[in-house]
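Colleague: Got a structure for you, written out below as structure tokens; questions coming shortly.
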Amino acid sequence: MLYRAYQAQSDLGDPLRAFAAGGLGMIARAAAGGSLFPFATSSFAAAPFVMPGLDWFSRLWGDKAGGAPWGDLFGALGQANGSPFGWFGGGAAKIALPWAADPARLIAEAADGPGARRVAAGLELIARARLTHARPAYGIEAVTVGNREVAVREEAVLTTPFATLLHFAKDVEVAQPPVLVVAPMSGHFATLLRNTVRTLLADHDVYITDWHNARDVPLAAGPFGFDDYVEHVIRFLKHLGPEAHVLAVCQPCVQVLAAVALMAADGSPDQPRSMILMAGPVDTRVNPTKVNELALSKPMAWFEQNLISTVPRRYDGGGRRVYPGFVQLLAFVSMNLKRHLNAHIELADHIANGETEKAATIKAFYDEYFAVLDLPAEFYLETVRRVFQDADLARGALVYRGVKVEPRAIRRTALLTVEGERDDICALGQTSAAHELCSGLKPFLKRHHMQPGVGHYGVFSGRKWEGQIYPIVRNLVLSTG
16 MLYRAYQAQS DLGDPLRAFA AGGLGMIARA AAGGSLFPFA TSSFAAAPFV MPGLDWFSRL
76 WGDKAGGAPW GDLFGALGQA NGSPFGWFGG GAAKIALPWA ADPARLIAEA ADGPGARRVA
136 AGLELIARAR LTHARPAYGI EAVTVGNREV AVREEAVLTT PFATLLHFAK DVEVAQPPVL
196 VVAPMSGHFA TLLRNTVRTL LADHDVYITD WHNARDVPLA AGPFGFDDYV EHVIRFLKHL
256 GPEAHVLAVC QPCVQVLAAV ALMAADGSPD QPRSMILMAG PVDTRVNPTK VNELALSKPM
316 AWFEQNLIST VPRRYDGGGR RVYPGFVQLL AFVSMNLKRH LNAHIELADH IANGETEKAA
376 TIKAFYDEYF AVLDLPAEFY LETVRRVFQD ADLARGALVY RGVKVEPRAI RRTALLTVEG
436 ERDDICALGQ TSAAHELCSG LKPFLKRHHM QPGVGHYGVF SGRKWEGQIY PIVRNLVLST
496 G
């Protein structure tokens with residue numbers, strides 16, 4: 016069911032782009048006396064991504080629909096089955112306005128220069144209305160090291176069916192401390208941490224856990240659960256050796272803390288020198304967010320019955336049970352609907368006004384944001400239960416392959432936790448809870464930083480990450496290297 020809905024949206028992408036590409040031509044033909052055919056679709060799955068572009072057209076006329084019945088229709092669709100897209104219901108009559116209410120005015124506006132740009136802006140937003148399962152490129156070709164620009168090349172160091180240990184290799188005179196960036200497996204590709212990696216590369220030898228899309232992993236590769244994730248972290252750290260540092264962003268803070276604790280308990284010579292945990296759910300009982308409340312509001316059976324789908328046979332991972340990445344994306348979008356809608360309206364403004372650079376910044380973000388990765392069902396369900404419902408690590412009840420995880424065993428890996436003041440995904444206190452768990456660490460090996468004025472993504476991306484948080488991370492690595 017979930018995959019059919021996604022496929023409907025995905026299949027609609029080409030007609031949408033064809034419509035958008037030919038939109039101005041249709042208008043021009045209509046202005047010359049030809050026919051102007053209204054565009055319509057029965058696929059509601061595409062509506063959330065098409066709406067901002069169509070809504071932009073309505074701004075040529077204002078907010079009244081002239082009595083057209085479209086508002087009631089789309090409003091009902093928006094509220095159906097608890098849809099998170101009810102936000103467009105109230106203004107949905109505006110969608111049909113260009114064609115149903117006053118097509119002549121659309122033509123007149125298009126004939127005018129500024130009007131044509133406004134129409135083109137709306138059409139471009141429609142043309143961008145598609146999700147993708149293809150991993151975007153990191154696109155980091157060079158970085159500045161010291162006073163010179165250094166080329167960066169990507170090298171696959173280790174590969175498993177579910178992940179690649181990817182090295183951003185550079186040729187530099189002085190060896191830099193290796194840092195393993197552990198990316199979340201939460202519906203997006205590891206490329207979401209592009210800015211994190213680019214910033215770290217100036218002073219560090221950077222590796223990342225480049226997780227594969229479960230949709231493309233053959234069923235013969237077997238399952239992938241919470242313990243498998245921890246095992247991957249341990250394997251990658253052992254490959255990098257005793258000089259390495261590890262930085263986890265969001266969800267994998269729990270798995271990384273568990274991995275380091277297990278390595279410490281085993282007396283592994285490859286324990287990392289430092290561990291940076293950024294905006295992660297170490298203890299979700301602290302200041303619960305909407306994400307935490309949702310996890311606690313339903314039994315596990317509900318998550319399995321309603322959110323797990325089977326990959327269609329036409330994909331390499333056909334038959335594998337997954338949590339579809341587009342479902343996670345819709346959940347994220349629904350948390351900040353107005354913010355995303357306003358961003359697309361701003362994008363249309365920038366396009367219409369010829370503000371190319373500003374438009375490019377928003378486009379780049381959403382190109383990344385709408386690239387989705389499916390999660391193995393085992394990993395998703397076990398994470399919901401062990402991290403968000405039961406808080407196993409925080410309660411001292413986390414077990415890895417029959418072995419109890421003891422964070423107090425960590426005695427030589429320095430700990431830095433970072434939280435954002437406005438984080439509505441991992442609230443203040445959830446990540447810093449790691450300090451109490453790591454009771455075996457001396458006080459001088461512990462540090463916490465709360466960054467004012469940033470939300471979740473601002474902790475690891477953007478100006479405040481680069482200018483205020485990163486210097487703290489860099490100093491910790493230097494002091495423990």
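Take the sequence shown: its position 344, counted from the start at 1, is 359 in my numbering, and no numbers get skipped. Quick reminder that beta carbons are idealized off the backbone N, C-alpha and C, glycines included. This structure is a prediction, so every number in the text was calculated from the model and none was measured.
I need the straight-line Cα distance from PRO238 to VAL402, nearest angstrom please.
Modeller: In the sequence shown, the residue the question calls residue 238 occupies position 223. In the sequence shown, the residue the question calls residue 402 occupies position 387. Roughly 19 Å between the two C-alpha positions.
Colleague: Tell me where the alpha helix (DSSP H) around THR211 begins and ends.
Modeller: In the sequence shown, counting from the first residue as 1, residue 211 sits at position 196. Run containing THR211: 209-215, per the alpha helix (DSSP H) assignment.
Colleague: Please go through the same chain and pick out, in chain order, the residues whose beta-carbon is closer than 7 Å to the beta-carbon of ARG416, but skip the five residues on each side of it.
Modeller: Working through the sequence shown from its first residue, we reach residue 416 at position 401. Same-chain partners within the cutoff: ASP242.
Colleague: Looking at the unbroken alpha helix (DSSP H) that takes in PHE251, where does it start and where does it end?
Modeller: Residue 251 sits at position 236 when you count from the first residue of the sequence shown. Element bounds for PHE251: 241-255.
Colleague: Provide the residue span of the beta strand (DSSP E) that contains HIS260, from first to last.
Modeller: For this step, residue 260 is matched to residue 245 along the sequence shown. Counting along the chain, the beta strand (DSSP E) containing HIS260 begins and ends at 260-264.
Colleague: Between THR398, LEU234, PRO287, which has its C-alpha nearest THR325's C-alpha?
Modeller: Here residue 325 refers to the residue found at position 310 of the sequence shown. The option with the nearest alpha carbon to THR325 is LEU234.
Colleague: Restricting to Cα atoms, I'd like to know which of TYR472, GLY455, ILE487, ARG462 is closest to ALA276.
Modeller: For this step, residue 276 is matched to residue 261 along the sequence shown. Out of TYR472, GLY455, ILE487, ARG462, GLY455 has the C-alpha closest to the C-alpha of ALA276.
Colleague: With a CB to CB cut of under 8 Å and the five nearest residues on each side skipped, what residues in its chain are close to ILE487?
Modeller: For the purposes of this step, residue 487 is identified with residue 472 of the sequence shown, where counting begins at 1. The answer, listed in chain order, is LEU431, VAL433, ARG462, HIS464.
Colleague: Give me the residue from VAL248, LEU443, ARG423 with the minimum Cα distance to VAL194.
Modeller: Counted from its first residue, the sequence shown places residue 194 at position 179. Out of VAL248, LEU443, ARG423, VAL248 has the C-alpha closest to the C-alpha of VAL194.
Colleague: For ARG489, does the three-state DSSP call read helix, strand or coil?
Modeller: What you label residue 489 is simply residue 474 of the sequence shown in a count that begins at 1. Helix.
Colleague: Spell out the partners DSSP gives TRP226 in its beta bridges.
Modeller: Stepping through the sequence shown from its first residue, residue 226 is reached at position 211. Note: TRP226 sits in a beta bridge opposite ALA178.
Colleague: What's the C-alpha gap between ALA316 and ALA171?
Modeller: Working through the sequence shown from its first residue, we reach residue 316 at position 301. Working through the sequence shown from its first residue, we reach residue 171 at position 156. Near 38 Å, if we compare the C-alpha coordinates of ALA171 and ALA316.
Colleague: How far does the beta strand (DSSP E) with LEU148 in it extend, from its first residue to its last?
Modeller: Reading the sequence shown from its first residue, position 133 is the one you call residue 148. According to the sequence as given, residue 148 is His; it is not Leu. It is not in any beta strand (DSSP E) - HIS148 carries neither H nor E in the DSSP assignment.
Colleague: Can you tell which of LEU146, ALA136, ASP218, PRO314 has the C-alpha that lies nearest to the C-alpha of PRO339?
Modeller: Position 324 of the sequence shown, counting from 1, holds the residue named residue 339. It is LEU146 whose Cα lies nearest to the Cα of PRO339.
Colleague: DSSP three-state label for GLU156, please.
Modeller: Here residue 156 refers to the residue found at position 141 when the sequence shown is read from its first residue. GLU156 falls in the coil class under three-state DSSP.
Colleague: So, at 7 Å on beta carbons, what are the nonlocal neighbours of THR299 in its own chain, with the 5 sequence-adjacent residues on each side left out?
Modeller: Residue mapping note: residue 299 aligns to position 284 of the sequence shown, counting from 1. Result list for THR299: ASN307, VAL402, PHE403, ALA406, GLN445, in chain order.
Colleague: To the nearest angstrom, how far is the alpha carbon of GLU164 from that of VAL158?
Modeller: The residue labelled residue 164 in the question sits at position 149 within the sequence shown. The residue labelled residue 158 in the question sits at position 143 within the sequence shown. GLU164 and VAL158: Cα-Cα distance of roughly 6 Å.
Colleague: Looking at C-beta atoms only, is the number of pairs between the stretch 223-231 and the stretch 173-185 that lie closer than 8 Å three or more?
Modeller: Cβ pair count under 8 Å is three or more, so yes.
Colleague: TRP332 and ASP231 look like a contact to me (Cβ under 8 Å); what is the Cβ gap, rounded to whole Å?
Modeller: By one-based count along the sequence shown, residue 332 stands at place 317. By one-based count along the sequence shown, residue 231 stands at place 216. Here residue 332 turns out to be Gly, not Trp, going by the sequence shown. About 5 Å; that satisfies the 8 Å criterion.
Colleague: Just confirm the distance between the C-beta atoms of THR214 and TYR472, as a whole number of angstroms; I'd bet it's less than 8 Å.
Modeller: The residue you call residue 214 lines up with position 199 of the sequence shown. The residue you call residue 472 lines up with position 457 of the sequence shown. About 14 Å; that fails the 8 Å criterion.
Colleague: Put ILE366 into one of helix, strand or coil per three-state DSSP.
Modeller: The residue labelled residue 366 in the question sits at position 351 within the sequence shown. If DSSP states are grouped into helix, strand and coil, ILE366 belongs with the helices.
Colleague: Within this structure, are the beta carbons of CYS441 and ALA294 separated by less than 7 Å?
Modeller: Here residue 441 refers to the residue found at position 426 when the sequence shown is read from its first residue. Here residue 294 refers to the residue found at position 279 when the sequence shown is read from its first residue. Yes, the Cβ-Cβ distance between CYS441 and ALA294 is below 7 Å.
Colleague: Just to confirm my understanding: we take PHE385, look at its own chain, exclude 5 residues before and 5 after, and list those with CB closer than 6 Å. What are they?
Modeller: Taking the sequence shown and counting its residues from 1, the one referred to as residue 385 is at position 370. Cβ neighbours of PHE385 beyond the five flanking positions: LEU146.
Colleague: Could you tell me how far apart the beta carbons of LEU216 and LYS185 are, in whole angstroms, since I believe they sit closer than 8 Å?
Modeller: As a working mapping, residue 216 is identified with position 201 in the sequence shown. As a working mapping, residue 185 is identified with position 170 in the sequence shown. Indeed they touch by this definition, with Cβ atoms about 7 Å apart.
Colleague: Would you give the residue range spanned by the alpha helix (DSSP H) that VAL271 belongs to?
Modeller: Position 256 of the sequence shown, counted from the start, is the residue given in the question as residue 271. Counting along the chain, the alpha helix (DSSP H) containing VAL271 begins and ends at 268-280.
Colleague: How many angstroms separate the CA atom of ALA190 from the CA atom of GLN286?
Modeller: Position 175 of the sequence shown holds residue 190. Position 271 of the sequence shown holds residue 286. C-alpha separation (whole angstroms): 20 Å.
Colleague: Output yes or no for whether 7 Å exceeds the beta carbon distance between ALA136 and ILE425.
Modeller: Position 121 of the sequence shown holds residue 136. Position 410 of the sequence shown holds residue 425. No, these two residues do not count as a Cβ contact at 7 Å.
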